[in-house]
Structures are given as C-alpha cells and as structure tokens.
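Line by line, the protein sequences are chains A and B.
Under numbering that gives the first Met the number 0, think of the first position of the first sequence as 0, with each following residue one higher.
Under numbering that gives the first Met the number 0, think of the first position of the second sequence as 0, with each following residue one higher.
For each residue, glycine too, the CB sits at the ideal point set by N, CA and C.
Comments concern the structure below.
There are 2 protein chains.
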Amino acid sequence: MSELSPRDSIRHGFGQRRSLSRRQYTIGELAKIFEVTPRTIRFYEQEGLLTPERRGRTRVYHEKDRVRLKLTLRGKRLGFSLAEIREVVQLYDQAPDGDERQLQLLLDILGEKREAMQQQLEDIRILQRELDEVETRCRESLALLEEARGKR
Amino acid sequence: MSELSPRDSIRHGFGQRRSLSRRQYTIGELAKIFEVTPRTIRFYEQEGLLTPERRGRTRVYHEKDRVRLKLTLRGKRLGFSLAEIREVVQLYDQAPDGDERQLQLLLDILGEKREAMQQQLEDIRILQRELDEVETRCRESLALLEEARGKR
DNA sequence: GATCAGCTTGACGTTAACGTAAAGTAGACC
DNA sequence: GGTCTACTTTACGTTAACGTCAAGCTGATC
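Put into structure tokens, the structure is as follows:
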C-alpha cells in the first residue's frame with residue numbers, strides 16, 4: 000500500500016455502485032497509504048495544499064485530496080518547495096475560470112517549471128554517468144583485492 | 000559565466016603552458032561563476048564538501064574544488080541534502096584505497112542513489128504529462144476568451 | 001598614510017518543514 | 001460507565017541551509 004505505483008484502486012464491491020469519487024479516508028488512513036504522518040497532512044492543509052471536508056471537527060478526505068497529496072509528495076521528491084507546489088496545485092483546478100492575465104501568468108509559471116525539470120533531466124543524466132564511473136572504479140578495486148587474496 | 004553548460008575553459012594564453020590544474024580561484028570568483036554567495040561556499044567547506052588550500056588565511060580554490068562545487072550544486076538541484084552529497088563526494092575520490100567493507104558500503108550507497116534517481120525520472124515524466132494537461136486546458140480557456148471577444 | 005575592496009572569523013538570526021508533547025473530544029466496545 | 005483508539009487544537013522545539021551583521025586583517029591604489 001505504499002502508493003509507489005499509480006494504481007488507483009477501482010475495485011468494486013459485489014454489486015455495489017461504489018464510485019471512485021465517493022471513496023473517503025480518515026487522516027490516519029491517508030497517512031498510512033503515503034507513509035507520512037498525520038502531522039504532515041495537517042501541515043499541508045495549513046499551507047493551503049489540501050482542503051478536506053469537515054464532519055464535525057474531524058477531517059474527511061476524498062479522492063481529490065488523495066490525488067493532491069500524491070501530486071504534492073511527487074513535487075517534494077523533485078525538490079520543489081511547498082510554496083512552489085501550491086502555485087501549481089492551486090492553478091491546477093482553478094484554471095478554467097481565471098481571467099486572461101491569470102491564465103497568462105499560469106502559462107509563465109508552467110514554463111518555469113518545465114525549464115526546471117529539463118534541467119533536472121540533464122542533471123540526472125550527468126549524475127548517472129558519474130555514478131557509473133565511481134562504481135566502475137569501485138568494482139575494479141574490489142577485483143584487485145580478490146586477486147591479491149587469491150595469491151596469498 | 001553561469002556555468003550552465005559544461006564548458007571547462009581550456010583556452011591557453013599565447014605560448015603559455017597554462018595547465019588546467021594550475022588555474023586557481025578566489026572565493027569571490029567561484030561565487031560569481033556559480034551564482035552563489037561566498038557564505039555558501041564557506042558553509043560547504045564547514046560541512047566537509049570542500050577543502051581549499053590556504054595561503055595565509057585566505058582560501059585558494061583549484062579545479063578540483065570547482066568540480067566538487069559543481070557536483071554539489073547539481074546534487075542540490077536534484078533535492079539531495081548536503082549530508083547525502085557528502086557521502087558520495089567523499090567516496091568519490093577516497094574510493095580506491097578503501098578496504099572491502101568500505102567498498103561494499105559504497106556500492107550500496109550508489110545503489111540507493113540510483114534508485115532515487117530512477118524514481119525521479121518517473122516523477123518527472125508524470126509531472127510533465129500533468130503540466131501538459133494544465134497547459135492545454137489553459138490554452139483552451141484563452142481561446143474561448145479570444146472568441147468571445149471576437150463576437151463582441 | 002588613508003582609503004578601499006575583498007578576504008577572514010565569529011556569532012546570532014531566519015525560513016521551511018515538519019516533530020513532539022499536552023490536553024481535550026468523540027465514537028466503539030466491554 | 002470506564003477504557004481504548006483515533007481524532008482534534010495549541011504551542012513550543014528542531015534541523016538544514018544558509019543570511020546577516022560585526023570587527024578585524026591585507027594588499028593595492030590615490
């Protein structure tokens with residue numbers, strides 16, 4: 000249940016019409032699914048990244064929230080700050096009704112993110128080559144040690 | 000001079016044998032090249048990522064240091080912590096003379112980093128698709144606005 | 001020799017992203 | 001009705017990665 004793969008469970012009960020959008024979660028469930036603490040999830044809400052429903056005082060999360068959390072954590076893995084992620088996430092579903100200036104601004108931000116990710120791809124390629132080098136040298140050293148032991 | 004491309008200047012003076020490894024930098028020069036502050040560079044030294052020569056009290060940086068700084072900043076762009084970067088960087092040139100246990104540990108760490116980067120590649124692909132979606136919707140909205148204005 | 005730019009150490013400040021502890025509530029079960 | 005579990009808010013603590021003075025040294029230049 001670590002949510003590494005993008006398998007959104009679409010399993011239905013027997014004859015039940017359990018629409019995806021009706022599935023709901025407690026904060027603890029969501030925390031377990033994504034292997035974060037409830038504190039983290041509350042913090043993301045405080046930062047405007049999640050807006051769960053309230054039933055009394057307790058939070059109720061829906062698919063929309065789960066998807067957002069997933070997107071947020073993905074962004075984090077890529078080194079984006081919560082502020083940057085919020086920029087995109089907020090626009091993500093507020094987009095269609097913005098005025099022209101808003102939309103243009105969104106396109107600009109998207110462009111920036113795109114550039115950043117392009118840079119990351121480049122960085123990853125370079126780093127992978129460098130890791131390869133280190134690994135090669137490392138294996139050579141090991142081989143030498145093996146050989147020396149053989150002669151002993 | 001923003002060091003985005005990997006062009007290591009190999010330009011020679013007229014008849015001068017100016018070996019690459021003899022080129023040296025002050026902290027300010029290095030800071031300008033990579034667009035960071037001297038404070039940052041001193042901090043990286045304090046964290047064991049750089050070990051510049053000392054001439055009196057002042058630091059003198061060589062190619063080796065420049066390469067390390069470059070590697071460090073690349074790591075940062077990929078969201079690695081300085082501690083993680085140090086792990087790799089230190090091993091990077093200390094590797095050949097380690098004992099077997101050390102070398103094995105290095106291989107393990109390399110494996111981890113490799114996995115992390117694989118995950119990042121996946122994340123980037125997904126995020127790029129999502130950005131594409133947002134951009135499409137955004138452009139559609141703009142088109143609608145254009146059209147509406149045409150009819151007015 | 002004064003001034004200035006660029007270096008130095010030292011120390012405290014700041015921000016992001018949570019951790020953690022305290023104290024209270026609300027429903028499930030025995 | 002008591003206990004347990006999982007939730008809640010409030011608030012202070014912590015860590016990483018620097019920023020920001022302050023105060024002093026050092027070599028070049030006017």
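Cα-Cα separation between residue i and residue j, rounded to whole angstroms
i, j, result
"residue 57 of chain B", "residue 31 of chain B", "17 Å"
"residue 122 of chain A", "residue 75 of chain B", "10 Å"
"residue 64 of chain A", "residue 142 of chain B", "30 Å"
"residue 107 of chain A", "residue 85 of chain A", "15 Å"
"residue 26 of chain B", "residue 81 of chain B", "19 Å"
"residue 140 of chain A", "residue 110 of chain B", "17 Å"
"residue 53 of chain B", "residue 60 of chain B", "9 Å"
"residue 73 of chain B", "residue 100 of chain B", "28 Å"
"residue 45 of chain A", "residue 116 of chain B", "30 Å"
"residue 38 of chain B", "residue 62 of chain B", "20 Å"
"residue 22 of chain A", "residue 79 of chain A", "29 Å"
"residue 146 of chain B", "residue 41 of chain A", "42 Å"
"residue 98 of chain A", "residue 138 of chain B", "12 Å"
"residue 33 of chain B", "residue 120 of chain B", "25 Å"
"residue 135 of chain A", "residue 124 of chain B", "28 Å"
"residue 149 of chain B", "residue 129 of chain B", "30 Å"
"residue 118 of chain B", "residue 55 of chain B", "46 Å"
"residue 24 of chain B", "residue 35 of chain A", "44 Å"
"residue 51 of chain A", "residue 66 of chain A", "12 Å"
"residue 83 of chain A", "residue 131 of chain A", "32 Å"
"residue 47 of chain A", "residue 114 of chain B", "31 Å"
"residue 43 of chain B", "residue 43 of chain A", "30 Å"
Interface partners of residue i on chain A, CB under 7 Å
i, result
"residue 73 of chain B", "122, 125 and 126"
"residue 35 of chain B", "Per Cβ cutoff of 7 Å: no residues; residue 35 of chain B is ~16 Å from chain A at best."
"residue 109 of chain B", "130, 133 and 134"
Closer than 7 Å at the beta carbon, the chain B residues around residue i
i, result
"residue 62 of chain A", "Within chain B, no residue comes near residue 62 of chain A; the closest Cβ sits about 16 Å away, beyond 7 Å."
"residue 112 of chain A", "130"
"residue 49 of chain A", "Correct list: empty, because the minimum Cβ distance to chain B is about 17 Å."
Per-residue contacts from residue i into chain B (C-beta, under 8 Å)
i, result
"residue 119 of chain A", "76, 77, 119 and 123"
Neighbour list for residue i in chain A, Cβ cutoff strictly below 9 Å
i, result
"residue 141 of chain B", "99, 102, 103 and 106"
Contact check, residue i vs residue j, beta carbons under 9 Å
i, j, result
"residue 90 of chain B", "residue 133 of chain A", "yes"
"residue 77 of chain B", "residue 126 of chain A", "yes"
"residue 29 of chain B", "residue 70 of chain B", "no"
"residue 112 of chain B", "residue 88 of chain B", "no"
"residue 102 of chain B", "residue 102 of chain A", "no"
Assigned secondary structure, residue i (DSSP; H/G/I helix, E/B strand, else coil)
i, result
"residue 59 of chain B", "strand"
"residue 54 of chain A", "strand"
CB contact below 9 Å: residue i versus chain B
i, result
"residue 85 of chain A", "no"
"residue 68 of chain A", "no"
"residue 146 of chain A", "no"
"residue 81 of chain A", "no"
Proximal chain B residues relative to residue i, where beta-carbon distance stays under 9 Å
i, result
"residue 90 of chain A", "133 and 137"
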